[in-house]
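Residue numbers (this note's numbering): 88 to 282.
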């Protein structure tokens, strides 16, 4: 930990100056972690252990990791999410889904993860009203990802089958390290029109 993260007594601190809860002390191996991994541990109150995966040390060239945060309340979108991933024509891909739930995790995602090794599915039970942010779940998913490229899918959006292919081709053609979405189409399913 850097000196600005610890008080003079050696107690780890939030950036605001408030002490981290004692009940979530860093494990001994955390002395090998960078700040990003320490933050993942702390922000999840120790529920996510950054050392429990090979994500940060393993990168598969040409693979696209599709990262998606979701919740129990959004389970009606899980089949759509998987279908959009499955229909992507880019051959070397994985889907990393980080779900938080209060009562019951997604049966669909659990079932698919058992059948499809390209689906990395992790779930965390959270108390009512204490869900993790979308950003934190994306960061966990990014840590678990093994791809050379990362794409973020929202669980309730539709993606054209060549979405990942176009993304990778444009990144390579422009020698870019990142892109951001700047336009999109809205399709009204009731009227079958674009608007």
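Note that beta-carbon positions come from the ideal geometry of N, C-alpha and C, so glycine has one too.
- Nearest C-alpha to residue 275 among 150, 254, 245: 245.
- A buried status is given to residue 169, since no fewer than 16 other beta-carbon atoms sit within 10 Å of its beta-carbon.
- For the set 247, 159, 207, 201, the Cα lying nearest the Cα of residue 189 is the one of 159.
- For residue 145, the secondary structure class from DSSP, reduced to helix, strand or coil, is coil.
- About 20 Å separates the CB atoms of residue 234 and residue 186; that is not less than 8 Å, and the two are not in contact.
- When rounded, the separation of the alpha-carbon atoms in residue 218 and residue 176 is 34 Å.
- Here residue 230 is not near residue 196, since their CB atoms are 7 Å or more apart.
- At the C-beta level, residue 232 and residue 152 come within 7 Å of one another.
- DSSP, reduced to helix, strand and coil, places residue 251 within a helical segment of the structure shown.
- Under the three-state reduction of DSSP, residue 264 is assigned to coil, being neither helix nor strand.
- Where residue 182 is concerned, there is no enclosing alpha helix (DSSP H), although the beta strand (DSSP E) around it starts and stops at 180 to 188.
- In this structure the region 207 to 227 does not lie against the region 246 to 262, because fewer than three pairs of beta carbons, one per stretch, are closer than 8 Å.
- DSSP places residue 208 in the strand class (E or B) of the three-state scheme.
- Sequence-distant Cβ neighbours of residue 156 in its own chain, meaning closer than 6 Å and more than five residues away, are 185, 221, 224, 225.
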